């Protein structure tokens, strides 16, 4: 199996991630942050270690501002709904995932306005459009760092500057870029950073986090046992307990820590360069195949390791099915939970065949994909 | 280490649970329900299998009514906040965990009334009190099946009947009983059943579920990618997608499936009888130790495998610390996230030392705990 669906979930994981999950489950699978015995403390330390590693990777000063969630969708809902109130206005882009668009659209019924900036056909946003969309009641700009359909990298540093100057909160969806691209919450003026653990960060599914800038009051939307201030019937306000009710996915978080340690050891640049190289090679080879239409920038300097294509007018899911069944190549087809992105790039009806390249992919994997695509094209 | 903190998290897990998590992560760690390739389908099947196993264990007709969550707190928040609206009234008990009490108290500000039925000093509820508390605007009764402080088993079948007769929804928190006691959502008229995966169900942390009775409209409170109806900017209404946005903890859910398979193979009765036996033995031995005060029913027929004690007026966390550091026995001290339960049984100031007995505990474990408690008592 050639796995080219890393934009959905990175696979495989570094061996140490499996080891960390298993070690945690087998050797200290107790309840972190609740009881005070050795196993519970060790479980709690596993969680805190990962919090610190996340802080290190994204230049977050205080690890307690890192809130663990169960996935990026969870993080994004918390950020969007925890901040926006009736009368507020939020700016986002047409390249967003449904985990940003659906919460924002759902808030319309609560009197929260939105502006969805139309991106160009390669998925790029014009920062002037963002600037122009800012109104007196604009509370937040919510932007993906990299499109999950075309890989298009958004100018988040520039947008962060715009947000700061306008005194508007900046929420970044780093689902496609965290663990591969540099994200510095301070330098980029990011107030809220949402990430899954199971993509670029190489952690297990069932993990994610939201970074919340200090002194930013985000309304929690779950209450429960936190192991702190148990005598009170109101949710404690301390970080990160306020947002972490109930038992955490502690083995998963330990695994995520091992994933981040792997990334820090390899170095972001090495990871990024490897993915860039494969992406550009893939694009260059695809360009030579007549009926293949490539979406997005077609330039690995301007996009992450995500390449969306179509073959003529063939149904994208049909092509993905052939790649899987006849060539043992795993990709994803359809709309990838980002309908407006497909309207933006002109593939709403057809969807796209998406190749998500990961750090563990090799040139041979790309060659196999190219051979398969050529063969499919020759038989159409 | 003698682990007697199973009321927080069951530990260890059956070997097959570790195997299932690792097998899932290593061999089909793709994104379930999103892409259509073999690995993704296999991951999806792993999730569906667990859904079916849960349905089987709790006599749920349609597995699609089982919604995966990240823990019981998540499930309880969804059930409580998804159902109750301004003007509604909810009945609960003084023995509830903060994962029930805190959400219910938070809803007061939204015009949702509550009645907290005072239980007796052993934690029992008088069903007449529930009946009497029902008003014309009562929408829900939310009740734990077993107290996490005293183990007291609540008469959920009787309460289910009361709820049905009054046309009131019945939410059961099965955190301490699921996987040990019989819970039949049909026979017991349970409309909503919230459970963690990591306690009696023997699954990994980071898993849980909410059963929602068919045709019951529970408002979701997260939107995002569901891998279904991706062309729409509104959340799909189909079950269980409506409540399962974002990537699930698929390896964890596979592990949970293995836990439930273990339970089904052993049989609930065997599990329950083993825990009952140890609990009664522990209680009987504790009764012989002069300065030990035992809370709750002191009768394994009327309580789960949870025994809360204090030694004279000693601080409960001090005792737990000694058990851990001098005797290598893991227990939990304090309020166990259930403050009103402690007010009910008279231990709000002192907290309790809680012994959570699990299926993998042995008579030898209990003997070690007894020896340790005797020794501590003799030195005070």
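Protein chains in written order, with the working numbering: chain H, 1 to 380; chain A, 381 to 760. For every residue, glycine included, the Cβ atom is placed at its ideal position computed from N, Cα and C. Here the structure is a predicted model, which means the values were calculated and not measured.
C-alpha gap between residue 142 of chain H and residue 422 of chain A, whole angstroms: Position 142 of the first chain, counted from the start, is the residue given in the question as residue 142 of chain H. Position 42 of the second chain, counted from the start, is the residue given in the question as residue 422 of chain A. Inter-residue distance for residue 142 of chain H and residue 422 of chain A is about 34 Å (C-alpha atoms, whole angstroms).
Contact list for residue 710 of chain A against chain H, beta-carbon separation under 8 Å: For the purposes of this step, residue 710 of chain A is identified with residue 330 of the second chain, where counting begins at 1. At a C-beta separation below 8 Å, residue 710 of chain A has these neighbours in chain H: 30, 35, 37, 38, 39 and 40.
N-terminal and C-terminal residue of the alpha helix (DSSP H) that residue 314 of chain H is part of: Along the first chain, one-based indexing puts residue 314 of chain H at 314. Here residue 314 of chain H belongs to no alpha helix (DSSP H), and DSSP marks it neither H nor E.
Per-residue DSSP class, three states only, for residue 211 of chain H: Residue mapping note: residue 211 of chain H aligns to position 211 of the first chain, counting from 1. Secondary structure of residue 211 of chain H (DSSP, three-state): strand.
Beta-carbon proximity check, residue 191 of chain H vs residue 169 of chain H, cutoff 8 Å: Against the first chain, residue 191 of chain H aligns to sequence position 191. Against the first chain, residue 169 of chain H aligns to sequence position 169. Going by C-beta atoms, residue 191 of chain H is nearer than 8 Å to residue 169 of chain H.
Cutoff 8 Å: residue 119 of chain H Cβ touching any chain A Cβ: Counting from one through the first chain, the residue named residue 119 of chain H turns up at place 119. No - not a single Cβ of chain A is within 8 Å of the one on residue 119 of chain H.
Meets three-Cβ-pair contact criterion under 8 Å: the stretch 533–548 of chain A and the stretch 451–460 of chain A: Taking a cut-off of 8 Å for Cβ pairs, the stretch 533–548 of chain A and the stretch 451–460 of chain A do not touch, as fewer than three such pairs fall below it.
Interface residues of chain H facing residue 585 of chain A [CB-CB closer than 7 Å]: Translated into positions along the second chain, residue 585 of chain A becomes position 205. Residues of chain H with a Cβ closer than 7 Å to the Cβ of residue 585 of chain A are, in chain order, 247, 248, 249, 250 and 251.
Proximal residues, the stretch 176–203 of chain H versus chain A, C-beta separation under 7 Å: The stretch 176–203 of chain H vs chain A, Cβ under 7 Å: 196 and 198.
Contact list for residue 73 of chain H against chain A, beta-carbon separation under 7 Å: Here residue 73 of chain H is taken as the residue at index 73 of the first chain, counted from 1. Simply 602, 604, 605, 625 and 626.
Ordered list of beta strand (DSSP E) runs contained in the stretch 434–522 of chain A, each at least 3 residues: Scanning the stretch 434–522 of chain A from its first residue to its last, the whole beta strand (DSSP E) runs of 3-plus residues come out as 446–449, 469–473 and 493–497.
Contact list for residue 429 of chain A against chain H, beta-carbon separation under 8 Å: Indexing the second chain from 1 puts residue 429 of chain A at position 49. In chain order: nothing, as chain H lies at least about 16 Å away.
Residue-chain proximity (residue 344 of chain H, chain A), Cβ-Cβ < 8 Å: By one-based count along the first chain, residue 344 of chain H stands at place 344. By the rule that beta-carbons nearer than 8 Å mark a contact, residue 344 of chain H does not touch chain A.
Cβ of residue 713 of chain A within 8 Å of any chain H Cβ: Residue mapping note: residue 713 of chain A aligns to position 333 of the second chain, counting from 1. Closer than 8 Å to some Cβ of chain H, the Cβ of residue 713 of chain A qualifies, so yes.
Contacts that residue 615 of chain A makes with chain H (C-beta to C-beta distance below 8 Å): Position 235 of the second chain, counting from 1, holds the residue named residue 615 of chain A. Residues of chain H passing the Cβ test: 102 and 106.
Cα-Cα separation, residue 468 of chain A to residue 223 of chain H: Position 88 of the second chain, counting from 1, holds the residue named residue 468 of chain A. Position 223 of the first chain, counting from 1, holds the residue named residue 223 of chain H. Going from the Cα of residue 468 of chain A to the Cα of residue 223 of chain H covers about 19 Å.
At least three beta-carbon pairs within less than 8 Å, the stretch 383–402 of chain A to the stretch 621–636 of chain A: The stretch 383–402 of chain A makes contact with the stretch 621–636 of chain A; the number of CB pairs closer than 8 Å reaches 3 or more.
Alpha helix (DSSP H) segments (min. 4 residues) lying fully within the stretch 309–358 of chain H: DSSP runs (the alpha helix (DSSP H)) wholly in the stretch 309–358 of chain H: 316–327 and 339–345.
In DSSP terms, what residue 674 of chain A is bridged to: Locating residue 674 of chain A in the second chain gives position 294, counting from the first residue. Per DSSP, the beta bridge partners of residue 674 of chain A are A/689.
Cα-Cα separation, residue 658 of chain A to residue 474 of chain A: Along the second chain, one-based indexing puts residue 658 of chain A at 278. Along the second chain, one-based indexing puts residue 474 of chain A at 94. Linking residue 658 of chain A to residue 474 of chain A through their CA atoms gives a straight-line distance of about 27 Å.
Integer-rounded CB distance, given that residue 259 of chain H should sit under 8 Å from residue 203 of chain H: Sequence index remark: in the first chain, residue 203 of chain H carries index 203 (1-based). Sequence index remark: in the first chain, residue 259 of chain H carries index 259 (1-based). Residue 203 of chain H to residue 259 of chain H, Cβ: 4 Å. Contact.
Enclosing alpha helix (DSSP H) for residue 581 of chain A [first to last residue]: Taking the second chain and counting its residues from 1, one reaches residue 581 of chain A at position 201. Looking at the DSSP string, residue 581 of chain A is not in any alpha helix (DSSP H), and its letter there is neither H nor E.
Residues that residue 341 of chain H contacts on chain A, provided the C-beta gap is smaller than 8 Å: Locating residue 341 of chain H in the first chain gives position 341, counting from the first residue. Here the premise fails: no neighbours, minimum Cβ distance about 10 Å.
Residue closest to residue 453 of chain A, alpha-carbon to alpha-carbon, out of H/201, H/73 and H/227: For the purposes of this step, residue 453 of chain A is taken as the residue at position 73 of the second chain. Among H/201, H/73 and H/227, the Cα nearest to that of residue 453 of chain A belongs to H/227.
Beta carbon proximity, residue 398 of chain A to chain H, threshold 8 Å: Taking the second chain and counting its residues from 1, the one referred to as residue 398 of chain A is at position 18. The beta carbon of residue 398 of chain A falls within 8 Å of a beta carbon belonging to chain H, placing the residue at that interface.
Cβ of residue 143 of chain H within 8 Å of any chain A Cβ: As a position in the first chain, residue 143 of chain H is number 143, starting the count at 1. Not closer than 8 Å to any Cβ of chain A, the Cβ of residue 143 of chain H fails to qualify, so no.
Coarse secondary structure for residue 216 of chain H, derived from DSSP in three states: Mapped onto the first chain, residue 216 of chain H falls at position 216. Three-state DSSP puts residue 216 of chain H in coil, outside helix and strand.
Of the listed residues H/378, H/380 and H/303, nearest to residue 355 of chain H (C-alpha basis): Here residue 355 of chain H is taken as the residue at index 355 of the first chain, counted from 1. Ranking H/378, H/380 and H/303 by Cα distance to residue 355 of chain H puts H/303 first.
Neighbourhood of residue 542 of chain A by C-beta distance below 7 Å, restricted to the same chain and skipping five residues each side: If you number the second chain from 1, residue 542 of chain A lands on position 162. Beyond the five residues adjoining it in sequence on each side, residue 542 of chain A comes within less than 7 Å, by CB distance, of 507, 510 and 511 in the same chain, given in chain order.
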